[in-house]
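S.K.:
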Amino acid sequence: MILLILILVLLAIIPFWVHKISPFLFRSLEIDISVSMPIYEENKLAPPLSSLGKNTNGSMDIRLGKKCNMVKGNWVPHPRGPYYTNETKCVIDNRQNCFKFGRPDTEFLKWRWKPDECELPLFDGAQFLELVRGKSMAFVGDSVARNQMQSLICLLTNVTRPLDISSMMEESEHWFYSEYNFTVALLWTTHLVKASLNVNPYNELPSSLTLDEPDFSWAAEISTFDFVIISSGHWFLRPLTFYEKGKLVGCHICGKDQRPTELNVFYAYRTAFRTAFRTLLSLPEFRGVTFLRTITGSHVDHGENWSENGDCAWTRPFTRLEVKVTTMHPENKLEKL
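With this note's numbering applied, the sequence shown corresponds to residues 337 to 673, in that order.
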């Protein structure tokens, strides 16, 4: 379980928290680990995989002992490059296929996450699949959740490839690793809570959210999953109206004369997550481990909206001093300094 949690952190190096009263949800930002490798200083090269402690069966030697905050750290250079590229067996979605559409440089791929207090072992796809044998994992959220699920599938392609068992009539995706009886899924939802049918990232007219009811598209099947990574963010930056108990209680990007109360998008965002976690806690069959991934940067920079018509010219990750969370603006939640 400890190693599986480390691997999930590699997939989503963004602070997370979970409902602190649940006996079934992982609670702490600190994880007890001890790996057979030195603690490297910032910006030094990652150790080669062979320098990690190994057991006789070839698995990593990871033991309880040292506390390490996985989400407090920095991106550091990693000259060995990424786990997968266009030249591997991974099928990269056109929406993220930079090289297919002409990006010439590759240095932006050569980074890895380095916690301040310890060293993360490199990802081992075969070991991961053994850890999740007979289990299931769901990424609940929007396009960023889909990106994370696709990244996990690409990370595992050097071991095996899954069978697509998705329904053609749904936006959600399901992939099955038959050799390991492991299912990974994207349960698509824009806001985690019930949203009107006309919800669209480019709508000028507000869509409506029912903040006290979960989105059925994920809530209906979530109880069957062993690991849940739940997230939401940029869809809350569109024009919205908020309902609770059948009554209009607030709105976002609306005229003052349309606002029934002072409840704003911050309230809606918080309430949506509370509804999602309350739903998980109320399901008698759910015994899964749940992670919350908070909001990320936009898909593109300098665009007319947060997902298209822009570019991504960054050649390295943001540092701690280059990004700050500011007030929610319809086009840019993370301000580049």
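By construction, the Cβ of each residue, glycine as well, lies at the ideal position given by its N, Cα and C atoms.
(1) From proline 418 to cysteine 426, what does the alpha carbon distance come to, in whole angstroms?
(2) Residues bridged to leucine 628 by DSSP?
(3) Where do the ends of the beta strand (DSSP E) carrying alanine 474 lie?
(4) Who are the near neighbours of arginine 469 in its chain, counting only those whose CB is closer than 6 angstroms to its CB and skipping five residues on each side?
(5) Regarding phenylalanine 627 and the ligand MG, is the C-beta to nearest heavy atom distance less than 7 angstroms?
(6) Please report how far the alpha carbon of arginine 656 lies from the alpha carbon of tryptophan 411, in whole angstroms.
(7) Roughly how many whole angstroms lie between the Cα atoms of methionine 396 and histidine 570?
(8) Among the candidates Asp551, His588, Ala481 and Arg623, whose CA atom is the shortest distance from the CA of leucine 528?
(9) Return yes when the Cβ of serine 553 is within less than 8 angstroms of the Cβ of arginine 574, no when it is not.
(10) Less than 8 angstroms between the beta carbons of asparagine 483 and proline 451, yes or no?
(11) Return the Cβ separation of glutamate 580 and leucine 547 in integer angstroms, given the expectation that the two are a contact with Cβ distance under 8 angstroms.
(12) Rounded to whole angstroms, what's the CA-CA distance from alanine 649 to lysine 583? Just pull it up for me.
(13) Scan the segment 399-462 and note each continuous beta strand (DSSP E) run of 3 residues or more that stays entirely inside, going in chain order.
(14) Note down the Cα distance separating proline 384 from glutamate 455, rounded to an integer number of angstroms.
(15) Could you check the C-alpha separation between isoleucine 631 and serine 568 for me, to the nearest Å?
(16) When burial is assigned at 16 or more other CB atoms within 10 Å of the CB, is serine 514 buried or exposed?
(17) Spatial neighbours of aspartate 301 within its chain, please: CB distance less than 7 angstroms, with the 5 preceding and 5 following residues excluded, ordered by chain position.
(18) Use the C-beta contact count for lysine 436: other C-beta atoms within 10 angstroms, 16 or more gives buried, fewer gives exposed.
(19) I need the straight-line Cα distance from tyrosine 605 to cysteine 490, nearest angstrom please.
(20) Alpha helix (DSSP H) containing leucine 619: first to last residue?
(21) Since leucine 523 and isoleucine 558 should fall inside the 8 angstroms C-beta cutoff, what is the C-beta to C-beta distance between them, to a whole number of angstroms?
(22) Quickly, what does DSSP pair leucine 513 with across the bridge? List them, please.
(23) Among Leu492, Ala555 and Trp449, which has the Cα closest to the Cα of tyrosine 463?
(24) What separation, rounded to the nearest whole angstrom, lies between the Cα atoms of threonine 289 and phenylalanine 561?
(25) Out of Glu507, Thr519 and Trp511, which has the shortest C-alpha to C-alpha gap to threonine 526?
(26) Buried or exposed: where does methionine 473 fall if 16 or more other Cβ atoms within 10 Å of its Cβ makes it buried?
(27) Taking the straight line between their C-alpha atoms, what separation do you get for valine 407 and glycine 461?
(28) Could you check what DSSP says for threonine 526 in three-state terms: helix, strand or coil?
(29) With distances taken from CA atoms, which of Thr615, His588 and Pro596 is nearest phenylalanine 602?
(30) Here's the rule: buried if 16 or more other CB atoms are within 10 angstroms of the residue's CB, otherwise exposed. What is serine 479?
(31) What does the alpha-carbon distance come out to for the pair leucine 576 and cysteine 590?
(32) Mapping DSSP to helix, strand and coil, what is glutamate 466?
(33) With H, G and I counted as helix, E and B as strand and the rest as coil, what does DSSP make of isoleucine 546?
M.R.: In short:
(1) It is roughly 12 angstroms from the alpha-carbon of proline 418 to the alpha-carbon of cysteine 426.
(2) Ile566, per the DSSP bridge assignment.
(3) It spans 472-477 - the beta strand (DSSP E) in which alanine 474 sits, taken as one unbroken run.
(4) Tyr516.
(5) As for the ligand MG, it is missing from this structure, which has no ligand bound.
(6) C-alpha separation (whole angstroms): 10 angstroms.
(7) Since pLDDT at methionine 396 reaches only 43, below the 50 mark, its modelled position is unreliable, and no value is offered.
(8) The shortest C-alpha separation from leucine 528 is found at Asp551.
(9) Contact flag unset, no.
(10) It is not a contact, given that the beta carbons lie outside the stated cut-off.
(11) At roughly 5 angstroms, the Cβ-Cβ gap stays under 8 angstroms, so glutamate 580 and leucine 547 are in contact.
(12) Roughly 44 angstroms between the two C-alpha positions.
(13) Counting whole runs of 3 or more residues, the segment 399-462 contains the beta strand (DSSP E) stretches 409-413 and 447-451.
(14) Here proline 384 scores only 36 on pLDDT, less than 50, and its place in the model should not be relied on; the value that follows carries that caveat. About 12 angstroms.
(15) Between the C-alpha atoms of isoleucine 631 and serine 568 there is a straight-line separation of about 7 angstroms.
(16) Counting other Cβ atoms within 10 Å of its Cβ, serine 514 stays below 16 and is therefore classed as exposed.
(17) Past the boundaries of the shown model lies residue 301; the chain is included only from 337 to 673, so the question cannot be answered.
(18) Exposed: under 16 other Cβ atoms inside 10 Å.
(19) In this structure, the straight-line span from the alpha carbon of tyrosine 605 to that of cysteine 490 is close to 31 angstroms.
(20) Element bounds for leucine 619: n/a, residue is neither H nor E.
(21) Between isoleucine 558 and leucine 523 the Cβ distance is about 7 angstroms, and since that is below 8 angstroms, they are a contact.
(22) Before going further, note that residue 513 is tyrosine rather than leucine in the sequence given. The partner list for tyrosine 513 (beta bridge, DSSP) reads Phe518.
(23) Looking at the sequence provided, one finds glutamine at residue 463 rather than tyrosine. The shortest Cα separation from glutamine 463 among Leu492, Ala555 and Trp449 belongs to Leu492.
(24) Lying before the first or after the last residue shown, residue 289 is absent from the chain, which here runs from 337 to 673.
(25) Minimum Cα distance to threonine 526 is reached at Glu507.
(26) Burial check for methionine 473: the Cβ neighbour count within 10 Å reaches 16 or more, so the residue is buried.
(27) Distance between valine 407 and glycine 461, taken at the CA atoms: about 21 angstroms.
(28) If DSSP states are grouped into helix, strand and coil, threonine 526 belongs with coil.
(29) Comparing Cα positions, the closest option is His588.
(30) Taking a 10 Å sphere around the C-beta of serine 479, we find 16 or more other C-beta atoms and assign the residue as buried.
(31) Annotation: leucine 576 to cysteine 590 spans about 8 angstroms, alpha carbon to alpha carbon.
(32) The DSSP-derived three-state label of glutamate 466 is helix.
(33) Reading off the sequence, residue 546 comes out as threonine, not isoleucine. Under the three-state reduction of DSSP, threonine 546 is assigned to strand.
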